[in-house]
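Under my numbering, read the sequence shown as residues 55 to 310, first letter to last.
Positions of the beta carbon are idealized from the N, C-alpha and C atoms, including for glycine.
Quick caveat, the model's predicted, so the values are computed rather than measured.
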Amino acid sequence: MAYELWQWLLFGIAAMIIGMSKCGIPGLGILNVAIFQNILLAKDATGFGLPLLVVGDLCALIAFRRHADWLKILKLIPWAGIGVVVGFFVLENIDNAQARLLIGSCFLVMIALHLLNRKTGNIKKSGLLTPGVGPVIGGMAGFVSMIANAAGPLMTLYLLAMRMPKMAFLGTSVYFFTLLNLFKIPFLVYLNIITIESASANVRLVPFVVVGAFFGFSFAKKVNQLWFERSAFWLTIVAVGYMILNSIKELVAIHG
55 MAYELWQWLL FGIAAMIIGM SKCGIPGLGI LNVAIFQNIL LAKDATGFGL PLLVVGDLCA
115 LIAFRRHADW LKILKLIPWA GIGVVVGFFV LENIDNAQAR LLIGSCFLVM IALHLLNRKT
175 GNIKKSGLLT PGVGPVIGGM AGFVSMIANA AGPLMTLYLL AMRMPKMAFL GTSVYFFTLL
235 NLFKIPFLVY LNIITIESAS ANVRLVPFVV VGAFFGFSFA KKVNQLWFER SAFWLTIVAV
295 GYMILNSIKE LVAIHG
């Protein structure tokens, strides 16, 4: 498939956002997924974004490789793996219109969690520290990540509830998503969602991820991060609303 110029421009913006969100401005995270979902078919968008997320993860490891709570990671990863497998079977058995509607629903949940996250006083009341919640969070993160590459807000809320030091929080999140995203790749290759064609396009976008990562490292503290995050939040809501509307139209057209 040959992409048009406007698509490449949006791909480049989304790739830069990936680097920025991984390396210093986490509030931008969901926006890149919403951009891909509005350019490509739902399943293709998930596969297209994943290799770029891995590049962003590897960039972030450069900064945060010495800061991680491995006990928490090891408690979550097995359950996240189960969530990935469940997501794999779901993706295998739904069409693109259904996938887009499911992804839009996941986005709405993640947006709600983002709002809860901003009200930090609610974290203690959220029940996230209740024994046994960790496996549920891990499983949900794996599933949402497999379906939509959008588990960031869920993990952010959970790790914030742990009251971890800033660097440990960042390092734990980076290692968790690096392992999770690498684990997802063979499943998406098997489903033919990651292809040679999409990987070739990804290679061209790697420099944009690196530039975004550099911006995140160097300038995040110099810009108004709250403005960035609020702008990304509202742009994401618009993109998600547009995506859900299109998915409903597609389902009506297909199923009458």
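Item	Value
As a quick exercise: from Tyr229, Leu155, Val228, pick the residue whose alpha carbon is nearest that of Leu299.	Leu155
Which runs of the alpha helix (DSSP H) fall wholly inside the region 96-158 and span at least 4 residues, in chain order?	96-118, 124-146
Flag this pair as touching only if the region 59-77 and the region 253-262 have three or more C-beta atom pairs under 8 Å; answer yes or no.	yes
Measure how close the beta-carbons of Lys129 and Gly188 come, nearest whole angstrom, since I'm counting them as under 8 Å.	5 Å
Counting Cβ pairs, one atom from each stretch, are 3 or more of them under 8 Å apart for the region 241-251 and the region 88-103?	yes
Between which two residues does the alpha helix (DSSP H) holding Thr226 run?	220-244
Taking C-beta to C-beta, are Ala69 and Leu115 nearer than 7 Å?	no
Cα separation between Thr249 and Met194?	26 Å
Considering only their Cβ atoms, is the gap separating Tyr229 from Ala122 smaller than 7 Å?	yes
Using C-beta distances below 7 Å, list every residue in its chain close to Gln306, excluding the 5 sequence neighbours before and after it, in chain order.	Per the sequence presented here, residue 306 reads as Val, with Gln not at that position. Nothing meets the Cβ criterion.
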